[in-house]
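Q: All letters in the sequence shown, in the order written, are residues 24 to 110 by the numbering used here.
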Amino acid sequence: MPYVHIRITDEGVTTEQKAELVARSTQMLVDVLGKNPSTTVVVIEEVPLENWGIGGELVSVRRERVSGMLPASPGSTVSTELPENSS
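#1: At a Cβ threshold of 8 Å, is HIS28 touching chain D?
#2: In angstroms with no decimal places, state the Cα-to-Cα distance between LEU56 and MET24.
#3: Could you give the first and the last residue of the continuous beta strand (DSSP E) run that contains THR32?
#4: In three-state DSSP terms, what is VAL36?
#5: What are the boundary residues of the beta strand (DSSP E) that includes GLU73?
#6: So is LEU142 buried or exposed if we call it buried at 16+ other beta carbons inside 10 Å?
#7: Taking GLU43 and LEU72 to be in contact with their CB atoms under 8 Å, please state how far apart those CB atoms are, rounded to whole angstroms.
#8: Which residue from VAL66, ARG30, SER61 puts its Cα closest to that of VAL45?
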């Protein structure tokens, strides 16, 4: 029985978007691994934004800094540049 655990921040993901995540995750396991969709479990866990961190800082702080509202913290090596789109 495949089990997929998706963790996202709690920033207004709609029921329709969650349903699509469940459907596509299930279909991916069918297509790639030949799994039975009726036994595939998908759990979506919404994490409060203030409980999510990247690169040693809270995402909320990072977003403020990247948008130019806060200076970089001392010793921070987090890049504020966005990667180029490779498509």
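Idealized CB from N, CA, C, for every residue including glycine.
A: Per the coordinate set shown:
#1: Structure shown: chain D not included; a single protein chain is present.
#2: 12 Å
#3: 26–32
#4: coil
#5: Taken as a continuous stretch (DSSP letters only), GLU73 belongs to no beta strand (DSSP E), as it is neither H nor E.
#6: Coverage of the chain is limited to positions 24 through 110, which leaves residue 142 absent and any answer about it impossible.
#7: Between GLU43 and LEU72 the beta-carbon gap is near 22 Å, outside 8 Å, which marks them as no contact.
#8: Cα-wise, what sits closest to VAL45 is VAL66.
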